[in-house]
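Structure first, commentary second.
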Amino acid sequence: MLMLVNGDYVPQGNGLRSAKGDEAVLQRMLMKLTARRGQFPFMEDFGSRLWTLDRLRPAERQAAAEQYVLEALRDEPGLTVEQVTLAENGGKASLTVNAVKDERRLTAEVALGQEGVTM
């Protein structure tokens, strides 16, 4: 898997940097969390519904975020989501996902804006 930072491929020498190990798992997690579920033809289950959180009442958002994260990451082999934290402040929000894979702890952070997921 090629390494992405802020949506851009990372150069390395004459090519592009590859993500390996935990870095690759985090890349896949971030891709699945930030992609809008249903936007890819023939991959209707890829991505998340996090971009729809702003349509919900504030009291419903944490539970919905947990559900949407579990949906998005359920096909990641050996990954267990331990905690999902939604922090909102002034119309913007951030999401922190704590997970475990092969006894290693991983943390993915995603910025959420007024139109849902941003990166």
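Counting along the sequence shown from 1, when you hit position 76 you're at 76 in my numbering, and nothing is skipped either side. Glycine included, C-beta positions come from ideal geometry on N, C-alpha and C. Model, not experiment: these values are computed from the prediction.
CB contact flag (Lys-32, Ala-87, <8 Å): no
Residue burial classification, Gln-83 (beta-carbon count within 10 angstroms, cutoff 16): exposed
For Ala-87, report the span of its beta strand (DSSP E) as first-last. 79-89
May I ask you to list the residues that DSSP assigns as paired with Ala-99? Val-81 and Leu-106
Under 8 Å, do Trp-51 and Arg-74 count as touching if we go by C-beta distance? no
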